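Undergrad: In the working numbering, the protein residues as written are 1 to 183.
Glycine included, every Cβ here is placed at the ideal spot set by N, Cα and C.
Computed from a predicted structure; not experimentally measured.
For reference, the structure I am asking about is given below.
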């Protein structure tokens with residue numbers, strides 16, 4: 001069985017477990033951790049995660065971060081100057097998180113995400129070098145009434161997450177789901 005199929009199996013088992021309705025925002029976050037080399041395979045099977053979610057009696061909403069950075073940057077008044085001198089971006093990146101937050105809030109309102117829904121994030125690898133996933137999750141999680149599912153390309157070991165195996169990592173309270181995990 002492939003790593004993505006194993007991850008799907010672990011996720012299916014987890015999502016079928018009844019949810020606590022009084023969980024704090026940080027406790028409602030789920031990280032599906034997979035090898036970054038499996039990104040295309042995961043995206044090819046994303047519909048299967050949706051099916052597993054719906055079979056467990058939950059709604060599914062997918063928010064893709066992949067193109068958000070170029071869309072945000074090209075909307076900036078001085079976008080051409082930022083492309084010419086990327087070092088200037090450091091002073092502007094905090095506004096990117098605000099942009100993401102506004103886009104995500106709008107998405108949730110359009111979808112009418114309920115406390116019985118999973119809001120899945122894909123494309124978090126596109127944040128690498130611009131924002132920390134932890135900051136985005138901290139910003140998004142309180143807005144999600146149900147569960148926030150983060151498809152995370154990287155590693156999870158000893159309660160430590162490493163995006164694309166590049167950062168030193170950070171400790172987060174989310175529920176980790178990996179391909180070799182049993183619930």
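Rank 118, 159, 96 by C-alpha distance to the C-alpha of residue 136 and give the top, closest one.
TA: For the purposes of this step, residue 136 is taken as the residue at position 136 of the chain shown. That would be 96, whose Cα lies nearest to the Cα of residue 136.
Undergrad: Straight-line CA distance for residue 82 to residue 92?
TA: For the purposes of this step, residue 82 is taken as the residue at position 82 of the chain shown. For the purposes of this step, residue 92 is taken as the residue at position 92 of the chain shown. Going by the C-alpha atoms only, they are around 10 Å apart.
Undergrad: In three-state DSSP terms, what is residue 17?
TA: Counting from one through the chain shown, the residue named residue 17 turns up at place 17. When DSSP states are grouped into helix, strand and coil, residue 17 belongs to the coil group.
Undergrad: With a threshold of 7 Å on Cβ separation, who are the neighbours of residue 72 within its own chain once the five nearest residues in sequence on each side are excluded?
TA: One-based indexing of the chain shown puts residue 72 at position 72. Result list for residue 72: 96, 99, in chain order.
Undergrad: Are there 16 or more other CB atoms within 10 angstroms of the CB of residue 114, so buried, or fewer, so exposed?
TA: By one-based count along the chain shown, residue 114 stands at place 114. Residue 114 comes out exposed.
Undergrad: Per the DSSP calculation, residue 64 is bridged to which residue(s)?
TA: Here the question's residue 64 lines up with position 64 in the chain shown. According to DSSP, which records beta bridges pairwise, residue 64 is partnered with 122.
Undergrad: Which runs of the beta strand (DSSP E) spanning at least 3 residues fall entirely within the region 83–143, listed in chain order?
TA: 117–122
Undergrad: Using CA atoms only, rank isn't needed, just tell me which of 6, 61, 138 is closest to residue 116.
TA: As a working note, residue 116 is residue 116 in the chain shown. The shortest C-alpha separation from residue 116 is found at 61.
Undergrad: Roughly how many whole angstroms lie between the Cα atoms of residue 153 and residue 77?
TA: Here residue 153 refers to the residue found at position 153 when the chain shown is read from its first residue. Here residue 77 refers to the residue found at position 77 when the chain shown is read from its first residue. In a straight line, the C-alpha of residue 153 is about 32 Å away from that of residue 77.
Undergrad: Can you check whether the CB of residue 148 is closer than 7 Å to the CB of residue 119?
TA: For the purposes of this step, residue 119 is taken as the residue at position 119 of the chain shown. For the purposes of this step, residue 148 is taken as the residue at position 148 of the chain shown. Yes.
Undergrad: Check this for me: beta carbons of residue 143 and residue 173, under 7 Å apart or not?
TA: On the chain shown, position 143 is the one that residue 143 refers to. On the chain shown, position 173 is the one that residue 173 refers to. No, the Cβ-Cβ distance between residue 143 and residue 173 is not below 7 Å.
Undergrad: Can you tell me the Cα-Cα spacing of residue 13 and residue 103, whole angstroms?
TA: As a first step, residue 13 is located in the chain shown; it is residue number 13 there, counting from the start. As a first step, residue 103 is located in the chain shown; it is residue number 103 there, counting from the start. Computed Cα separation, rounded: 31 Å.
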